[in-house]
Structures are given as C-alpha cells and as structure tokens.
Amino acid sequence: MCNTDPTAIVQLLQAIPEWPGFNHKGSKEDFWHWRYDASRERNLISLVCHENNIVSHAASLPTLIVINGKVLDGAQWSDFFTDPNFRKQGLIEKALKNLEDSEISAGIETDFSFPSPAGYTIGINTGLKEIPCRFKQYELIIDPDKFFGSSKTGRVKKLAYATAMYLKANETHGIKGVRVEDVSEFPQDIDEFTRDFEMDYDLSIRHSREYLMHRYLHPCGGEYIVSIAKCNGKTCGYMVSRFYSADGIEYMDIVDLCAGSHSVVRVLLNHSVELCRNHGSRTIQIWLSSRDWISYDVTRFGFKTLKPIAGERVMKFLIRRFDGGKIPSDPVCHLMLGDSDWV
557 MCNTDPTAIV
567 QLLQAIPEWP
577 GFNHKGSKED
587 FWHWRYDASR
597 ERNLISLVCH
607 ENNIVSHAAS
617 LPTLIVINGK
627 VLDGAQWSDF
637 FTDPNFRKQG
647 LIEKALKNLE
657 DSEISAGIET
667 DFSFPSPAGY
677 TIGINTGLKE
687 IPCRFKQYEL
697 IIDPDKFFGS
707 SKTGRVKKLA
717 YATAMYLKAN
727 ETHGIKGVRV
737 EDVSEFPQDI
747 DEFTRDFEMD
757 YDLSIRHSRE
767 YLMHRYLHPC
777 GGEYIVSIAK
787 CNGKTCGYMV
797 SRFYSADGIE
807 YMDIVDLCAG
817 SHSVVRVLLN
827 HSVELCRNHG
837 SRTIQIWLSS
847 RDWISYDVTR
857 FGFKTLKPIA
867 GERVMKFLIR
877 RFDGGKIPSD
887 PVCHLMLGDS
897 DWV
C-alpha cells in the first residue's frame, strides 16, 4: 500500500533543489496544502510507489483557462519528479498516464504546461502541442549608476538611460484620474474587469477573484505585492510583484499585470519603479508574449529584451484538449510568470 500522506509526498519533493524555490509563510507542508489541496479533492495527484515509498510524482492544478472566449475547465501540470535512484524506468510516464486518466474522469477539458526542458520532451511525447506565443523576458534598469559603472562609455549610456526614464516617468505622471494603491485583497469588481480584459486575447488564464485571492494573497503561496489601479472608483488594472535575490543582487519581478488601457499600463509601470526603488532592487523583470499588446507599453517605457543565457530556462507553453475543441494555431496570448507554477 502506497503512503499518500502529504508528509511523505513533501519528503520526496524536497529532493528537488530548493523546492519550491521561493519565499512563503509556513512550512513546506503548508505550501503543499496550499498548492495541492484542490488537486487532491479532484484526484489530480498521481504517485508511483516502491515498497510503500513514493518514488515518482505527477500532479496537475485545477485552473480555468479561456480559449477563443470560452472558459474551459483546465489543469496545469506541476512538480513532475522521480527519485534519482529510480529514473530511466518509465515511472514518470506511468504516473503521467494515470494522471491523464484522472483528468478525463474529473471532467478536465484541457491540460497544459509551462515546462522545463525535460518536461517539454515529456509533454510533446504525450501529445501536447506547443503554442507559438514567443515569450520574451524584458528588463528595466532602475539604478544606472551601479549598472553602467563609471567608465566614459558607461557614463554616456547612463545619461541616455536616465533621460529616457525621466521622460517616461513624467509622461505617466500626466495621466489624470488613475490612482494606484497596494492592497491586502482584490476588489469586488475585479471579476467584471478581468472578464472584459480577457476578451482581447485568444488564450489566457481566467483571472477570477477567487483565483487571484488564492494565487497571490494566501500567505503559504508566496510573498507578493498586489497593486490596484482605479479610475472614478472602478478597477481599471492590477499588478502583482515579488522581490527576490540571486548572487547578492536584488531583483523585482512583475508576475501578473492586467490593464484596461495603455495609459493604465504606464501608470502601473511607474508604480513598479517606485516599489523597486523603495525596496533597493536594481532591476525590474517581466515575461510577456511578444504579441501581447502590453509588451508595446513595456518596451516604450524603457524595458529591454533579455537574451537567455545558455542553459537558462525559457518560457514555453504546451496544451492539449480533451473536449474535442480546436487549439489556436497562432493565438494572441496573455500568459505571464504568475500564471505558471514557476513561482
């Protein structure tokens, strides 16, 4: 009999380096319950055992997704892992086949993944298709003094960059009627706003208030700052940010951003600069599809495209449908880091 207790599952997953990989309140078992209690309720956790010990794990997270204006009951793959002592025995494929059967039995209409390189191969071999969303990572330098150094060339670049940032900041300050506030809960009218926002895309996550509250404001799920933009008392945009450090350098990620207009995007980006400076971080980073209309405002604001370093994980999106519906061949997507299980 396989031990399916969460403690045993967490013990296996802790073999993944630094799992889950970001700061959160509570224990790792608390994090597991935050991420997987809904999956457990719908039998979307697949385990393979050896002598009553879990040696392979594959799960999916119930997640509503919008494709061509239709809301589908979706599931996102998460934490595919096999004990290193039991690899190359086809165990993850066995776990995945059991997971697929469970998804179909649970009425899941589509499953999808933001895969690692190994997960990409597994997904393609399983029958998922890659959506050509052409994700790009953009970066804004907040501290030109430290970034460009004191060389002559560095000073020229620093001056040009600082001038561009000044012009962008003044441009956003001139927008009347839009106010941004950091909040501890999403407003009641967020559903109406996000439904309208999602209509601009062929493919996006369904950003319901219930989803957003659980995803970003449950303490066991991570440490995020939620910023709401309002105009005349109505929600017109939101941004979700997080801070992290690597190699002694402080960074800020914008993990989620929805806005009702280009001007609101610029106001939110200006607020992100304030947050970043107040925290002492040097750069702001954001992942977007290159065809997402928000990417226009991001580059216009001064963000530059980051080229991936050799071996660095690149964002891709795989999907398949169980309901017989079509997968868009070249969709306009709104998919961001916060939509994935990376953070």
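Here this note's numbering is used: the first residue of the sequence shown is 557, the next is one more, and so on.
Note that beta-carbon positions come from the ideal geometry of N, C-alpha and C, so glycine has one too.
All of these numbers come straight from a predicted model, not from anything done at the bench.
Same chain, Cβ closer than 7 Å to residue i, neighbours up to 5 away in sequence not counted
i: Asn624; result: Asp758, Pro884
i: Ser595; result: Ile601, Ala615, Ser616, Leu617, Pro618
i: Pro887; result: Ile687, Asp758, Leu759
i: Lys860; result: Tyr694, Glu695
i: Val566; result: Lys584, Glu585, Trp588
N-terminal and C-terminal residue of the alpha helix (DSSP H) that residue i is part of
i: Glu737; result: No alpha helix (DSSP H) holds Glu737; the beta strand (DSSP E) holding it covers 734-739.
i: Trp849; result: 849-857
i: Asn609; result: First-last for Asn609: 609-623, but that is the beta strand (DSSP E), not the alpha helix (DSSP H).
i: Arg596; result: 584-597
i: Gln567; result: 562-569
Sequence-distant residues of the same chain with beta carbon closer than 6 Å to residue i, five excluded per side
i: Cys605; result: Cys558
i: Arg765; result: Phe742, Ile746, Asp747
Beta-carbon proximity check, residue i vs residue j, cutoff 8 Å
i: Met892; j: Leu824; result: no
i: Gly778; j: Phe578; result: yes
i: Thr525; j: Glu597; result: No answer is possible for residue 525: it lies beyond the span of the chain, which begins at 557 and ends at 899.
i: Ile572; j: Ala614; result: no
i: Asp657; j: Ser616; result: no
i: Lys790; j: Arg735; result: no
i: His827; j: Asp853; result: no
i: Ile698; j: Ser837; result: yes
i: Ile805; j: Asp738; result: no
i: Leu831; j: Ser797; result: yes
Beta-ladder partner(s) of residue i, from DSSP
i: Gln841; result: Glu695, Asp809
i: Lys860; result: Glu695
i: Ser885; result: Ser885 is not bridged to any residue.
i: Phe502; result: Because the chain in this structure spans residues 557 to 899, residue 502 falls outside the shown range and cannot be described.
Residue range of the beta strand (DSSP E) that includes residue i
i: His606; result: 601-606
i: Tyr800; result: 790-802
i: Cys832; result: That residue, Cys832, is in no beta strand (DSSP E); its alpha helix (DSSP H) goes 818-835.
i: Gly630; result: 626-638
i: Leu759; result: 759-761
i: Ser783; result: 781-787
Proximity to residue i [Cα-Cα], best of the options
i: Gly858; options: Asp745, Leu684, Phe742, Tyr694; result: Tyr694
i: Glu533; options: Lys692, Asn654, Leu831; result: Residue numbering for the chain in the displayed model covers 557 to 899; residue 533 lies beyond these limits and cannot be assessed.
i: Phe642; options: Asp756, Asp848, Ile610; result: Ile610
i: Ile664; options: Asn599, Lys732, Gly630, His763; result: Gly630
i: Lys939; options: Gln570, Ser669, Val566, Leu773; result: Absent from the model: residue 939. The displayed extent of the chain is 557 to 899, so no value can be given.
i: Leu813; options: His835, Thr750, Val870, Cys832; result: Thr750
i: Phe753; options: Gly646, Thr560, Tyr794; result: Tyr794
Sequence-distant residues of its chain with Cβ nearer than 8 Å to residue i (five each side left out)
i: Arg690; result: Ser845, Ser846, Arg847
i: His652; result: According to the sequence provided, residue 652 is Leu. The question's His does not apply to it. The residues are Ser602, Ala614, Phe636, Ile678, Thr682.
i: Ser801; result: Tyr807
i: Cys889; result: Ile687, Cys689, Tyr757, Asp758, Leu759, Ser760, Ser845, Arg847, Asp848, Phe873
i: Gln632; result: Ser616, Leu617, Thr619, Asp667, Phe668, Ser669, Phe670, Ser896, Asp897
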